[in-house]
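Worksheet for the structure shown next.
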Amino acid sequence: DAKTTQPNSMESNEEEPVHLPCNHSTISGTDYIHWYRQLPSQGPEYVIHGLTSNVNNRMASLAIAEDRKSSTLILHRATLRDAAVYYCILSETGTASKLTFGTGTRLQVTL
Amino acid sequence: DTAVSQTPKYLVTQMGNDKSIKCEQNLGHDTMYWYKQDSKKFLKIMFSYNNKELIINETVPNRFSPKSPDKAHLNLHINSLELGDSAVYFCASSHRGQGVGGYTFGSGTRLTVV
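Sequence lines, in order, name chains X and P.
The working numbering numbers the first residue of the first sequence as 47 and each following residue consecutively.
The working numbering numbers the first residue of the second sequence as 55 and each following residue consecutively.
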């Protein structure tokens, strides 16, 4: 699985936008970009995924660079409940597809 | 209704014992997984089953044996438990090919071996 690089931690003020970066310079053409988050004492939670085009859903937006070597998860208005570890993961589709988690970015949200 | 449910939530047992963790999903997914999260918070895949067939078996000791009686259930049996098996075990499910809708994880089973 191709590797991703994320900052260890980030901080944000509540109700401000948060941009979480991810570098994946060795991404292959068939790799999807996934974002998951893990709140304290819970299992990972799906946030968003994309292949080439930017994606929006009710939780977040995913901006993918034109060369696909980096992406950014955008939380439009951070709340205290968004404090979690955010994982950027590359994964191919296919019979033996799997998510390989890295260390992620720990997001702190303050009042 | 809980989408992916695991039981028990907590499990404390002595070294050498055999224990099982159960997982059930009601999402109609055809693929299920077991992940292990150790004390350093690294999440690693252990097994993956698609329609009751084992398709991913990472480097896991033979003491760990998954069983899938049907595509909605994936249980994990662990023989001769060791201290190093202490971790949080997460069950997950998805549609095969995983591009559709992502993976759904359970809330975890915290296993403590004493």
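Virtual Cβ for every residue (Gly too), placed ideally from N, Cα, C.
Since this is a predicted model, take the numbers as computed values, not measurements.
Separation of residue j from residue i, as counted between CA atoms
i	j	result
X:VAL64	P:THR67	42 angstroms
X:ASP136	P:MET86	According to the sequence provided, residue 136 of chain X is Leu. The question's Asp does not apply to it. Between X:LEU136 and P:MET86, the C-alpha separation is close to 19 angstroms.
P:ASN133	P:LYS76	15 angstroms
X:ARG114	P:MET69	48 angstroms
Within 7 angstroms, strictly: CB atoms of residue i and residue j
i	j	result
X:ILE110	X:GLY96	yes
P:SER147	P:GLN79	yes
X:PRO53	X:THR151	yes
X:THR156	X:ASN59	yes
Own chain, CB closer than 7 angstroms to residue i, minus 5 neighbours either side, in chain order
i	result
P:MET100	TRP88, TYR89, LYS90, GLU112, VAL114, PHE118
X:GLN88	none
Residue-chain proximity (residue i, chain P), Cβ-Cβ < 7 angstroms
i	result
X:PRO90	yes
X:LYS144	yes
Close-in-space but distant-in-sequence residues of the same chain around residue i (CB under 6 angstroms, 5 per side omitted)
i	result
P:ALA57	LEU81, THR158
P:GLY138	none
X:PRO90	TYR82, GLN84
X:SER116	ASN69
P:LEU97	TYR89, GLN91
Buried or exposed (CB count within 10 angstroms, at least 16 for buried), residue i
i	result
X:GLN84	buried
P:GLN60	buried
P:ASN129	buried
X:THR50	buried
Chain X contact for residue i (CB, 7 angstroms cutoff)
i	result
P:GLY160	yes
P:ILE132	no
P:LEU108	no
P:PHE118	no
P:LYS144	Reading the sequence as shown, one finds Phe at residue 144 of chain P and not Lys. Output row for P:PHE144: interface = yes.
P:LEU135	no
P:LEU97	yes
Nonlocal neighbours in the same chain, by C-beta distance under 8 angstroms from residue i, ignoring five residues either side
i	result
P:ASP124	LYS106
P:LEU65	LYS73, ILE75, THR163, ARG164, LEU165, THR166
P:ASP84	ASN104, ASN105, LYS125, HIS149, ARG150
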